[in-house]
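Undergrad:
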Amino acid sequence: MAQAVLFTDTDFEQYRSLIYAESGIHFTPTNRSILESRLRERLREKGVDAPQTYFTMITRDKEELKVFLDSITTNLTQFFRNEAHFLTLEKFVVPELLNIKKQSGSNILKIWSAGCSTGEEPYSIAMLLSDILPYPWQFEIVASDISLKCLMIAREGFYMDKPLEKLPSGYLPKYFDKVVGGYKVKPEIRTKVRFDYHNLKNDSLLRNLDLVFCRNVIIYFDEAAQTSVIRRFWDSMAPKSFLFIGHSESLFGMDTQFEFVKTQWATLYRKFV
Ligand SMILES: C[S@@+](CC[C@H](N)C(=O)[O-])C[C@H]1O[C@@H](n2cnc3c(N)ncnc32)[C@H](O)[C@@H]1O
C-alpha cells in the first residue's frame, strides 16, 4: 500500500506563503486540509512523493506553478447564480448605464467578469443583455480566470444539466444548441465573450469599464489582497460604473471610494466620481 504523504507545519507555511504571494488566495490553519488534499492529488498526478520536492519544482517551473495554482482553486459556479444580481442588472444597472453612456455618445457597454470560472457567469450576462438591450446598443465582455482548465471549458461553451438549472425560461432553446450529451452555447453568444488568462494580483490593463462582476472570488483572499484587487478594479472602471461582488462578500471597513448601493433586488457598488 502506498504511504500517505507527510505534510509538516513547515510545508504548510511554505506552500501557503507561496500561494498567497502568487495569487492572493489565503489558506488558514482552518482550511489547511483542503490545501493538503489538493496538493496530495497533484503529487500523485506528478508521481512525486515529497511536498519539498514538488515545492522546489514549482519555484523553478512557472508553467507547473500555474497548474498547481489552478489545482487549488475552487471553481463552483452556475448560470444565473444569484438571480437577484441579474434582476438588479436588468432593472437598475442597465437603465442607469444607458442614460450615462447616451450623454457620452457611446453605444457600447464594456464589461469584465473577473474570476469567471467555467464561463457560466459571463455567458449569463451576455444572454441577458442580448435579450434586453435595445438597438443600437452593443456590449463586449472580457472574462478572465487564473484556472487554465476552467478557461478551456468556458471557451468550449459545452454544459450538461446541472449548471443550467437556473436558466430563465425560454433561454435554453434560444441561446443553446442541443448536442450529444448536453448543450452548447450558440456562437452569437460565444463570440460576445473573450476569455483571457489573468491573475487578479496583477493589473488587467483594462480601462473605462462600465460594469465589473467579481463574485465569490475575493472571499478566498485576506484583507490586504482584497484591498489591492478592489483598488485595481477602481482604476479599470469608468466614472459612474458598477461593481458586483458575491452576496457573502463585502467592502465594509475597507479603505475604498466605492459607494454602497442598495436596490430593491440586491446590493452592489458604484464608482461615483
Ligand atoms: C467560486 S469561482 C466563482 C465563479 C463566478 N464568479 C461565480 O460567482 O459563479 C472563483 C473563481 O475565482 C478564480 N480565482 C481565484 N483566485 C484568482 C486570482 N488570483 N486571479 C484570477 N482568478 C482567481 C478561481 O480560479 C475560480 O474559478
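FYI, the numbering for the sequence shown is 8 to 280, going by this note's numbering.
Positions of the beta carbon are idealized from the N, C-alpha and C atoms, including for glycine.
(1) Keeping to the same chain, check which residues put their C-beta closer than 7 Å to that of Met134; ignore five residues upstream and five downstream.
(2) Could you check what DSSP says for Ser154 in three-state terms: helix, strand or coil?
(3) Is Ala273 near His33, with beta carbons less than 8 Å apart?
(4) For Arg67, does the count of other Cβ atoms within 10 angstroms reach 16, so buried, or fall short, so exposed?
(5) From Thr95 to Ala245, what distance separates their C-alpha atoms?
(6) Helix or strand or just coil, what does DSSP make of Ser120?
(7) How would you call Phe259, buried or exposed, if buried means at least 16 neighbouring beta carbons within 10 angstroms?
(8) For Tyr166, is the classification buried or exposed, using 16 other Cβ atoms within 10 angstroms of its Cβ as the cut-off for buried?
(9) Can you find at least 3 beta carbon pairs, one from the segment 20-31 and one from the segment 69-79, that sit closer than 8 Å?
(10) For Glu127, name the three-state secondary structure that DSSP assigns.
(11) If you run the structure through DSSP and keep just helix, strand and coil, what is Pro175?
(12) Give every residue of the same chain whose Cβ lies closer than 6 Å to the Cβ of Val268, excluding the five residues on either side of it in the sequence, and list them in chain order.
(13) Output needed for Phe62: all residues of its chain with C-beta closer than 8 Å, excluding positions within five of it in sequence on either side, in chain order.
(14) Going straight from the alpha carbon of Ser120 to that of Gln110, what length do you get?
(15) Is the beta carbon of Gly31 within less than 7 Å of some heavy atom of ligand 1?
(16) Confirm the yes/no value for this check: CB of Arg222, any heavy atom of ligand 1, distance under 7 Å.
(17) Is Gln110 helix, strand or coil when you go by DSSP?
TA: Based on what the coordinates show:
(1) By one-based count along the sequence shown, residue 134 stands at place 127. Same-chain partners within the cutoff: Tyr178, Tyr182, Ile196.
(2) Working through the sequence shown from its first residue, we reach residue 154 at position 147. Here Ser154 sits in coil by DSSP.
(3) Within the sequence shown, residue 273 is the residue found at index 266, counting from 1. Within the sequence shown, residue 33 is the residue found at index 26, counting from 1. With respect to the 8 Å criterion, Ala273 and His33 are not classified as neighbours on the basis of their beta carbons.
(4) Against the sequence shown, residue 67 aligns to sequence position 60. Label assigned to Arg67: exposed.
(5) Mapped onto the sequence shown, residue 95 falls at position 88. Mapped onto the sequence shown, residue 245 falls at position 238. Straight-line spacing of the CA atoms in Thr95 and Ala245 works out to 19 Å.
(6) To locate residue 120, count along the sequence shown from 1; it is residue 113. Here Ser120 sits in strand by DSSP.
(7) By 1-based counting over the sequence shown, the position of residue 259 is 252. By the 10 Å Cβ count, Phe259 comes out exposed.
(8) Within the sequence shown, residue 166 is the residue found at index 159, counting from 1. When all chains shown are included, Tyr166 counts as buried.
(9) For the pair of segments examined, the segment 20-31 was found to touch the segment 69-79: the number of CB pairs separated by less than 8 Å reaches three.
(10) As a working note, residue 127 is residue 120 in the sequence shown. It is helical.
(11) Here residue 175 is taken as the residue at index 168 of the sequence shown, counted from 1. Coil at Pro175, not helix or strand.
(12) For the purposes of this step, residue 268 is identified with residue 261 of the sequence shown, where counting begins at 1. Closer than 6 Å at the Cβ level, and outside the excluded window around Val268, lie Leu275, Arg277.
(13) Along the sequence shown, read from residue 1 onward, the residue named residue 62 stands at position 55. So the qualifying residues of the chain are Asp18, Gln21, Tyr22, Leu25.
(14) For this step, residue 120 is matched to residue 113 along the sequence shown. For this step, residue 110 is matched to residue 103 along the sequence shown. It is roughly 25 Å from the alpha-carbon of Ser120 to the alpha-carbon of Gln110.
(15) Here residue 31 is taken as the residue at index 24 of the sequence shown, counted from 1. Yes, the Cβ of Gly31 comes within 7 Å of a heavy atom of ligand 1.
(16) Within the sequence shown, numbered from 1, the residue matching residue 222 stands at position 215. Correct: Arg222 has its Cβ closer than 7 Å to ligand 1.
(17) Residue numbering aside, residue 110 sits at position 103 when the sequence shown is read from its first letter. Secondary structure at Gln110: helix, using DSSP grouped into helix, strand and coil.
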